[in-house]
Every structure is written in structure tokens, then in C-alpha cells.
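A short worksheet on the structure shown next.
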Amino acid sequence: MTKLDQFAASRPRLLGLAYRMLGEAAEAEDVVQDAYLRWRDSGEVDVPEAWLTKVVTNLCLNRLTSARARRERYVGVWLPEPVLTGDGALGPLETVEQRESLSFGMLLLLERLTPPERAAFVLREAFGYGHREIAGILDVQEAHARQLYRRARAHVGDPRRRFTATPEEATKLFERFLAAASRGDVAGLERLLAEDVVSWADGGGKGPAASRPITGRLQVLRFVNGLARRFLKEEAEAVIGTVNGGPAMIVRHRGALIAVTVPEFADGRITVLRTITNPDKLALMAARPL
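Numbering (the numbering used here), first residue to last: 2 to 291.
The structure is reproduced here in C-alpha cells:
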């Protein structure tokens, strides 16, 4: 197997790692490309997977500091960059931990962690690395790697407690939401929204977005109805796709991607809606077919 073949086989896993570390798809693509250039120019490597994982992790750690500085200057609410995940481009999503580690809810929780804590958590939860392996990747003692993971886990909690709906159940719930919104079915929407539902929107100063979160069933219901009427008037098309490991509403107007809404569920109802309208964050996703 050539070096190019070896890298191609590892690329989905490396891209999945970089995206979970950064929450930005375009940045993750850049990191993986940089890793490839280093891999291409490297000498003989005994364990390619370990070498590539370490390189990608460290490239991400170097970028996280500047990324946080950019987010402090960001206009309005910052949300992760949405990514299509139905094609396996970010590696397998076979377990609860793998899916949850790609969810918007988890990616936002990971923003609370220090870069080393984030690396330890992602490597352990999403990729199943042992503490000794993580220590080698981060160049720390095994005891320190364990401590990093424990601190991270204390901040984000247990993913299995939050992932209350299977992918199939979540998709059916959101399909019902989209159908009710399209029909203007207020009663149907009300049944699907939790009483304390919250709607967040990220326009980055470039796309339409509320400047602050909309809270409560009644307020979110009015917002969703207004949005649905606007999309119908503009003859926009909304479909359900697989984004960040779960269902999402993907809205296009005259073929152009204009919005992605990612829900969160609990007890059979929608508890959070997160909508991205910033065209910069939609560019990479817009370039790929559904």
C-alpha cells in the first residue's frame, strides 16, 4: 500500500477527529491537508495511524487558541459549522458516543474545556483510545492523561444520559415538526415543542438571525410560524437530512443553501433548535450533495 493509499484510508477518521476538536469543518479540512503534507514528506513510520493521529491532534491544539480569540469577536451567537454525516465522511457513527460527540450540544459543551482536556475527551469518547495511548499523543504522563479526561467528563457529563432518542426516533419527530410547520399546524407544533424550548440562531452578522435566544413554547411557536410563512412565500425548499449525526432541516432557495436547523430532543419533544444562516459556515456543506 502506498503512502497515499494509507492516508486515504485514515482520512475520514482524521477529519472526524479534527472537526470534533475544532467545531469548524473548513478548519478541520485545512488541518487534514496539512497533516497529509507532513505525512507525504515524512520518512518511514512504524505505526501510521498513531503517527497521523498525533500530528492531527497537535495541529488542532495549535489552532484552538486562535479559534477562541476569533469567537470572542464573533457577531452574535456562535454555533459550530454544520456538516453532513450520512456519507461516512467523518468516520463511523456506530455508537452513542460517536454520534453524540458530533452533536451541536456536545460541541458547544466542549468549548468550555481547555484544549488538552478537549483532546483527551474526544480521543477517549469518540475513538476509544486508552489513557496510555492518549498520554503518548499529548506527550504527558498517563496519570495526567487520566486527570485531563476526568476533568473533561465532569464538565460535559455522561453522553448516554442526554441521547434520549434513537436516530430513527429523532428523524420521525423532526419530520413531524417540518410537516406541521409547512401546514401551519399550530396545535401540531405545540405538541412537539417542550414548554421550555429555546431557539438559537447564528448569522455571524451576514445572515438573518435573532440577536438573542428565543425562549419558551409560545415565543418559539410564533417564530417558527413566521419563518415557515416566509419560506413558503419565497418558495424555499426544506428537507430533512443527516447533519452532525442526527436529523436537521436543510433549507434551499433557488438551489442555494440558506439555512440549517439542528434540533435537540428530550422525552419525545424538541428542547432546542439551533439555526445557522451565516453563509460562510454553510459554504462547505453547500458544495456537497445531500
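The beta-carbon is built from N, C-alpha and C at its ideal position, and this holds for glycine as well.
Practice item. Check P264 in the structure and name its three-state DSSP category. Key: strand
Practice item. Using the Cα positions of T115 and A146, report the straight-line distance between them to the nearest angstrom. Key: 13 Å
Review point. Does the beta-carbon of N63 have 16 or more other beta-carbons within 10 angstroms, so that it is buried, or is it exposed?
Key: exposed
**Study point:** Pairwise C-alpha distance: P83 and T278
**Key:** 10 Å
Point to revise | 6 Å CB neighbourhood of T216 in its chain, flanking five on each side removed | key: V199
Review point. Name the DSSP bridge partner or partners of S200?
Key: I215, L274
Point to revise | Element boundaries [alpha helix (DSSP H), containing M22] | key: 4-23
Check your understanding: Hey, out of D42, R218, L124, T167, whose CA is closest to V187's CA?
Key -> R218
Review point. Near W201, what residues of its chain come up, given a Cβ to Cβ distance below 6 Å and the 5 sequence neighbours on each side ignored?
Key: V78, P214, R275
**Study point:** Neighbourhood of D203 by C-beta, 8 Å cutoff - its chain only, sequence neighbours within 5 removed
**Key:** G77, V78, W79, L80, A210, R275, T276, I277, T278, N279, K282
Review point. So what's R253 in DSSP terms, helix, strand or just coil?
Key: strand
Practice item. Look up V240 in the DSSP assignment and say whether it is helix, strand or coil. Key: strand
Exercise for review: Taking A181 as the reference, give the member of L228, E73, A288 with the closest Cα.
Suggested key: L228
Point to revise | Boundaries of the alpha helix (DSSP H) in which A287 is found, first to last residue | key: 280-287
Point to revise | When W52, V240, C61, E265 are compared against A27, the one with the closest alpha-carbon | key: C61
**Study point:** Continuous alpha helix (DSSP H) stretch holding R72: start and end
**Key:** 49-73
Check your understanding: Can you tell me the Cα-Cα spacing of I251 and V97, whole angstroms?
Key -> 23 Å
Review point. Counting only runs that start and end within the region 86-168, where is the alpha helix (DSSP H) found for 4 or more residues in a row?
Key: 97-101, 105-111, 116-126, 132-139, 143-157, 160-163
Practice item. Could you pull out every residue in the same chain whose Cβ sits closer than 6 Å to the Cβ of T58, ignoring the five residues on either side in sequence? Key: A120, I138
Check your understanding: Residues in its own chain within less than 8 Å of V221 by CB, not counting five upstream and five downstream?
Key -> L194, V198, V199, S200, I215, L274
Review point. Going straight from the alpha carbon of L291 to that of R21, what length do you get?
Key: Residue placement at L291 is poorly supported in this model, since its pLDDT is 44, which falls under 50; the coordinates still yield a value, given next. Taking the straight line joining both Cα atoms gives about 21 Å.
Review point. Under a three-way DSSP split, which group does L291 fall into?
Key: Confidence is the limiting factor: at L291 the pLDDT is only 44, short of 50, which leaves the residue's position unreliable, though a coordinate-based value still follows. The answer is coil: DSSP assigns L291 none of H, G, I, E or B.
Check your understanding: Are T54 and L124 touching if we call contact CB-CB under 9 Å?
Key -> yes
Exercise for review: Quick one: grab the DSSP three-state call for R223.
Suggested key: helix
Exercise for review: Could you check the C-alpha separation between R133 and E176 for me, to the nearest Å?
Suggested key: 43 Å
**Study point:** Residue burial classification, T3 (beta-carbon count within 10 angstroms, cutoff 16)
**Key:** exposed
Practice item. Please go through the same chain and pick out, in chain order, the residues whose beta-carbon is closer than 8 Å to the beta-carbon of V141, but skip the five residues on each side of it. Key: P117, L149
Review point. Exposed or buried, E170, counting other C-beta atoms within 10 Å across all chains shown (16 or more means buried)?
Key: exposed
Exercise for review: Taking only the alpha-carbon atoms, compute the straight-line gap between G246 and S102 and give it to the nearest angstrom.
Suggested key: 9 Å
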